[in-house]
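Undergrad: Handing you a structure now.
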Amino acid sequence: MNVMELFRLDSKVAVVTGGSGLYGAHISTALAQAGATVVIASRGVAECESLAAKLRDEGADAAALALDLGDEAGIQSFVAQTLERYGRIDILINNAVSRVGLADLEQTEAAGWNAAEQVNGLGTMLLTKAVVPAMRKRMEGNIINISSIQGILGPHFPIYGSTGRTSGIEYTYNKWGLVGMTKWLANYYGPYNIRVNSISPGGYNPTGGPEDADDEFMQKYKERTPLGRMADDDDIKGAVVYLASRASSYITGHNLVMDGGWSSW
Ligand SMILES: NC(=O)c1ccc[n+]([C@@H]2O[C@H](COP(=O)([O-])OP(=O)(O)OC[C@H]3O[C@@H](n4cnc5c(N)ncnc54)[C@H](OP(=O)(O)O)[C@@H]3O)[C@@H](O)[C@H]2O)c1
Numbered sequence: 220m221n222v223m224e225l226f227r228l229d230s231k232v233a234v235v236t237g238g239s240g241l242y243g244a245h246i247s248t249a250l251a252q253a254g255a256t257v258v259i260a261s262r263g264v265a266e267c268e269s270l271a272a273k274l275r276d277e278g279a280d281a282a283a284l285a286l287d288l289g290d291e292a293g294i295q296s297f298v299a300q301t302l303e304r305y306g307r308i309d310i311l312i313n314n315a316v317s318r319v320g321l322a323d324l325e326q327t328e329a330a331g332w333n334a335a336e337q338v339n340g341l342g343t344m345l346l347t348k349a350v351v352p353a354m355r356k357r358m359e360g361n362i363i364n365i366s367s368i369q370g371i372l373g374p375h376f377p378i379y380g381s382t383g384r385t386s387g388i389e390y391t392y393n394k395w396g397l398v399g400m401t402k403w404l405a406n407y408y409g410p411y412n413i414r415v416n417s418i419s420p421g422g423y424n425p426t427g428g429p430e431d432a433d434d435e436f437m438q439k440y441k442e443r444t445p446l447g448r449m450a451d452d453d454d455i456k457g458a459v460v461y462l463a464s465r466a467s468s469y470i471t472g473h474n475l476v477m478d479g480g481w482s483s484w
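Sequence positions in the sequence shown follow my numbering and run 220 to 484.
Structure representation (structure tokens):
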């Protein structure tokens, strides 16, 4: 087969959780441009529909559907509706993240921790659990978990400088957990021809986002990164399409680090 055809996703049905968010919108766009029918899912269905409409205008096939990863019955109903409408889910991208804004360990309380974990840990597991039976039945499926460089390392606190920004302990805990969940799922479902991989992206600065020269965090981040920049709008696209497509057909249980070299020092 021609190598470029290996990257095509024509006739595949993909679900992207948090599919209209910062990275999510580019993941949804990339899958749609590669030929997949994309179901863009989160609580804010209006934003998902706005992106779906834009993709449809560009000739792609996309739809929006409400999904709250904190609601188990809602997760089951989301999967049932998707299967009823499309007949199958070929690709599941677990991208959504709940950012509860925990500051540091000594201010972290059980309620905040549990609220984050209900979505990021439990919700991701429950959605995956609901999607997998139909994949197993068809002996075909592809799951990609979006982790982070914080799923392979801890936060480098000096880069936050005097900005007051920081990164909560629950985020690092969850992102490492997602890489572990990836390997568990890959090993268990390999015999059913379901591939499961994860991506550890580095920090993303959207085009037109807070720039650049005056921002202490951005400056320190760039200095700390061998490629000298944060991720841009396109960087996630190739990684996702590669793992979602036949181009990576013998790869499972892998964590693809997409970080401009951040973790290679
Ligand atoms: N941005 C970065 O620099 C960066 C770096 C490394 C890794 N990542 C990873 O990339 C992924 C996307 O991050 P992002 O920065 O693009 O996130 P984001 O813009 O904050 O978007 C988060 C998405 O998750 C959805 N979401 C939150 N709670 C939900 C719930 N209960 N049910 C369903 N959906 C929910 C949100 O939609 P609703 O509010 O509409 O529900 C939103 O679309 C995350 O896994 C993150 O850890 C991001």
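All C-beta atoms, glycine included, are put in the ideal place defined by N, C-alpha and C.
Determine the direct distance from the alpha carbon of Asn474 to that of Pro425, and round the result to whole angstroms.
TA: As a working mapping, residue 425 is identified with position 206 in the sequence shown. As a working mapping, residue 474 is identified with position 255 in the sequence shown. Between Pro425 and Asn474, the C-alpha separation is close to 23 Å.
Undergrad: With distances taken from CA atoms, which of Asn313, Val264, Gly254 is nearest Asp280?
TA: Position 61 of the sequence shown holds residue 280. Checked all of Asn313, Val264, Gly254; the closest Cα to Asp280 is Gly254.
Undergrad: Tell me the start and end of each unbroken alpha helix (DSSP H) in the region 349–379 that is at least 4 residues and wholly inside, in chain order.
TA: Whole alpha helix (DSSP H) segments, 4+ residues: zero.
Undergrad: Determine the DSSP secondary structure at Thr471, reduced to helix, strand or coil.
TA: As a working mapping, residue 471 is identified with position 252 in the sequence shown. Of the three classes helix, strand and coil, the one that applies to Thr471 here is coil, per DSSP.
Undergrad: Does the Cβ of Leu284 lie closer than 8 Å to at least one heavy atom of ligand 1?
TA: As a position in the sequence shown, residue 284 is number 65, starting the count at 1. Result no, Cβ not under 8 Å from ligand 1.
Undergrad: Below 8 Å on the Cβ atoms is my contact criterion, and I expect Asn361 with Arg414 to pass it. Report the Cβ-Cβ distance as a whole number of Å.
TA: Translated into positions along the sequence shown, residue 361 becomes position 142. Translated into positions along the sequence shown, residue 414 becomes position 195. Yes, they are in contact, since the Cβ atoms of Asn361 and Arg414 sit about 5 Å apart, within 8 Å.
Undergrad: Given that a residue counts as buried once 16 or more other Cβ atoms are within 10 Å of its Cβ, and exposed if not, what is Glu224?
TA: What you label residue 224 is simply residue 5 of the sequence shown in a count that begins at 1. Glu224 should be labelled exposed.
Undergrad: So, does the region 350–367 touch the region 394–404, judging by three or more C-beta pairs under 8 Å?
TA: Cβ pair count under 8 Å is three or more, so yes.
Undergrad: Tell me whether the beta-carbon of Val257 lies closer than 9 Å to the beta-carbon of Gly289.
TA: Here residue 257 refers to the residue found at position 38 when the sequence shown is read from its first residue. Here residue 289 refers to the residue found at position 70 when the sequence shown is read from its first residue. Not a contact, by the Cβ cut-off of 9 Å.
Undergrad: Quick one: Cα of Phe226 to Cα of Ala463, how far?
TA: Numbered from its first residue, the sequence shown carries residue 226 at position 7. Numbered from its first residue, the sequence shown carries residue 463 at position 244. Approximately 8 Å, taken between the alpha carbons.
Undergrad: Mind pulling the alpha helix (DSSP H) runs of 4 or more residues that sit fully within the region 253–289?
TA: DSSP runs (the alpha helix (DSSP H)) wholly in the region 253–289: 264–276.
Undergrad: Can you tell me which of Ala265, Ala249, Arg275, Leu284 puts its alpha carbon nearest to the alpha carbon of Thr236?
TA: Here residue 236 is taken as the residue at index 17 of the sequence shown, counted from 1. Of the listed residues, the one whose Cα sits closest to Thr236 is Leu284.
Undergrad: Tell me, please, which residues DSSP counts as bridged to Tyr423.
TA: Along the sequence shown, read from residue 1 onward, the residue named residue 423 stands at position 204. Answer by DSSP bridge pairing, in chain order: Ala450.
Undergrad: Would you identify the three-state DSSP class for Thr236, choosing helix, strand or coil?
TA: Residue mapping note: residue 236 aligns to position 17 of the sequence shown, counting from 1. Strand at Thr236.
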